[in-house]
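Asker: The working numbering puts the first residue of the sequence shown at 290, with every later residue one more than the last. Sharing a structure, written as structure tokens. Questions coming.
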Amino acid sequence: MRVLVIGGDGYCGWATALYLANRGHEVGILDSLVRRHWDNELCIQTLTPITPIQQRLQRWKDLTGKSIDLFVGDLCNHAFLEKAMLQFQPDSVVHFGEQRSAPFSMIDREHAVLTQVNNVVGTLNLLYVMHEHFPDCHLVKLGTMGEYGTPNIDIEEGYITIEHNGRKDTLPYPKQPGSFYHLSKVHDSHNIHFACRVWGLRATDLNQGVVYGVLTEETGMDELLINRLDYDGVFGTALNRFCIQAAIGHPLTVYGKGGQTRGFLDIRDTVRCIEIAVNNPASPGEFRVFNQFTELFSIGDLANMVQKAGAAIGLQVEVNHLENPRVELEEHYFNAKNTRLIDLGLEPHFLSDSLLDSLLNFAVKYKDRVDEKEILPRVKWKG
Ligand code: NAD
Ligand code: USQ
290 MRVLVIGGDG YCGWATALYL ANRGHEVGIL DSLVRRHWDN ELCIQTLTPI
340 TPIQQRLQRW KDLTGKSIDL FVGDLCNHAF LEKAMLQFQP DSVVHFGEQR
390 SAPFSMIDRE HAVLTQVNNV VGTLNLLYVM HEHFPDCHLV KLGTMGEYGT
440 PNIDIEEGYI TIEHNGRKDT LPYPKQPGSF YHLSKVHDSH NIHFACRVWG
490 LRATDLNQGV VYGVLTEETG MDELLINRLD YDGVFGTALN RFCIQAAIGH
540 PLTVYGKGGQ TRGFLDIRDT VRCIEIAVNN PASPGEFRVF NQFTELFSIG
590 DLANMVQKAG AAIGLQVEVN HLENPRVELE EHYFNAKNTR LIDLGLEPHF
640 LSDSLLDSLL NFAVKYKDRV DEKEILPRVK WKG
């Protein structure tokens with residue numbers, strides 16, 4: 290299949306583009322490289338030294354003989370997007386190309402607006418190009434588990450059947466997101482659902498949990514193919530941050546009580562889930578939703594696991610409970626379904642199976658690149 294990976298220079302997108310190319314798909318990458326620009330603006334760097342996209346792709350070609358087409362430009366520029374899609378002629382579009390940090394979206398009005406315009410307008414442009422030129426193309430869109438929030442009932446995969454005043458219907462699951470970023474994903478989901486209903490487009494919304502890990506078979510082939518690994522207080526995510534904090538002897542930064550429970554998955558499962566979605570397209574007019582995570586953990590549990598795994602490799606890890614910069618429940622019920630990808634063949638990697646050690650060892654290898662000033666959170670939800 291011809292698969293266009295939008296956001297293919299980013300953490301999930303880079304690993305996915307190489308994985309799909311290695312499994313015989315014809316892959317293109319479309320990316321504005323804006324994430325590298327945001328890193329520069331915030332004066333932060335990934336733990337790992339990532340090379341420019343052109344160099345990465347040249348190395349991939351030299352190693353494997355496979356080329357990946359590159360389109361550098363902004364999804365929010367409709368004319369650019371239309372031209373790139375007409376040139377590439379995708380059967381599937383995998384869309385990772387958004388501003389994806391909750392803290393970034395909560396910095397101030399400007400960053401909230403930037404996040405929502407970038408994400409919602411980009412996705413809307415894509416829907417229009419698909420409607421006008423590629424009505425049969427399958428959209429695989431990265432959503433987030435955070436769209437649901439933390440309701441006091443079980444979370445279903447996208448839809449819930451409700452009985453009300455003696456009548457029954459299956460409706461989109463209620464959304465209570467926790468940041469302007471997470472809200473942008475809800476707006477996307479509504480727009481995509483509408484485009485499927487009205488224009489008959491086919492789409493899969495992957496409500497992904499927090500991704501951890503850095504190595505996939507392909508990104509581990511060569512130092513020049515290395516993936517990014519964010520650890521700073523804006524783009525770094527919980528478990529990746531904890532491992533890097535442990536590696537440099539910084540106390541782990543648990544926000545508040547640490548009872549916040551989320552869905553998590555290994556980046557090796559991210560790439561496999563995308564492959565499953567691409568190989569099993571939604572039907573015309575179908576807006577399909579999969580919850581894409583493999584295990585549920587509370588933040589406090591994760592900190593304890595990192596502490597234990599650290600001790601096993603000789604690291605003394607302290608756990609700190611910081612005042613929570615976010616507004617969120619710190620103790621709550623959380624039980625989300627995740628059977629649909631497993632039914633289609635996903636065989637999860639589990640955190641307990643040595644990943645923690647390999648992630649910690651990786652963090653130790655690059656620890657000299659860490660800027661300690663960037664560890665503590667610097668964005669507060671209440672401003
Ligand atoms: P990332 O920031 O590493 O990568 C995103 C890429 O998209 C970047 O290379 C960026 O330059 C590009 N991009 C952003 N806006 C663009 C635009 N308007 N036009 C073209 N390119 C654009 O993010 P990531 O961690 O790889 O996340 C990818 C997707 O997966 C996001 O949509 C995110 O919401 C979702 N997701 C990520 C995680 C996680 O833990 N990392 C968890 C759940 C969902
Ligand atoms: N947290 C800590 N300490 C830290 C970092 C985070 O306690 O040092 C807590 C947060 O308060 C939150 C939880 O860990 O309760 C998760 O935070 P996170 O920064 O790891 O993840 P989040 O902001 O939710 O966003 C990340 C990705 C986003 C994706 C989302 C999936 O950046 O793109 O959509 O995970 S989910 O969380 O399922 O919505």
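Backbone N, C-alpha and C fix where the C-beta goes; we use that ideal spot for every residue, glycine too. Only a predicted model underlies this, so the values are computations on that prediction, with no experimental measurement involved.
VAL500 bridges to which residues according to DSSP?
Answerer: LEU554
Asker: Going by the C-beta, is TYR261 closer than 6 Å to any heavy atom of the ligand NAD?
Answerer: Within the shown structure, residues of the chain are numbered from 290 to 672, placing residue 261 beyond reach of any answer.
Asker: The ligand NAD heavy atoms versus the CB of GLY411: any closer than 6 Å?
Answerer: yes
Asker: List the DSSP bridge partners of LYS457.
Answerer: Under DSSP, LYS457 forms a beta bridge with GLU452.
Asker: Quick check: the Cα distance between VAL292 and SER381, rounded to an integer number of angstroms?
Answerer: It is roughly 5 Å from the alpha-carbon of VAL292 to the alpha-carbon of SER381.
Asker: Can you say whether GLN581 is buried or exposed, counting buried as having 16 or more other CB atoms within 10 angstroms of its CB?
Answerer: buried
Asker: Below 6 Å, is the gap between the Cβ of MET434 and the nearest heavy atom of the ligand USQ?
Answerer: yes
Asker: Let me confirm a value: THR412 is counted as buried when at least 16 other C-beta atoms fall within 10 Å, else exposed. Which label applies?
Answerer: buried
Asker: Considering only the alpha carbon of each residue, which of GLU452, PRO540 and GLU575 lies closest to HIS610?
Answerer: PRO540
Asker: Among the candidates CYS562, LEU518, GLN405 and VAL409, whose CA atom is the shortest distance from the CA of THR628?
Answerer: CYS562
Asker: Using DSSP with H/G/I as helix, E/B as strand and the rest coil, what is ALA484?
Answerer: Residue state, collapsed to three classes: helix.
Asker: The ligand NAD and THR526: does any heavy atom of the ligand fall closer than 6 Å to the residue's C-beta?
Answerer: yes
Asker: What span of residues does the beta strand (DSSP E) with GLN581 cover, start to end?
Answerer: Going by DSSP, GLN581 is part of the beta strand (DSSP E) stretching over 576-581.
Asker: Determine, using beta carbons only, whether ILE537 and LYS654 come nearer to each other than 7 Å.
Answerer: For the pair ILE537 and LYS654, the CB atoms are not nearer than the 7 Å cut-off.
Asker: As an exercise, report each continuous beta strand (DSSP E) stretch of at least 3 residues that is fully enclosed by the segment 520-553, in chain order.
Answerer: 541-544
Asker: Check this for me: beta carbons of ALA391 and TYR462, under 7 Å apart or not?
Answerer: In terms of Cβ geometry, ALA391 and TYR462 do not form a close pair [threshold 7 Å].
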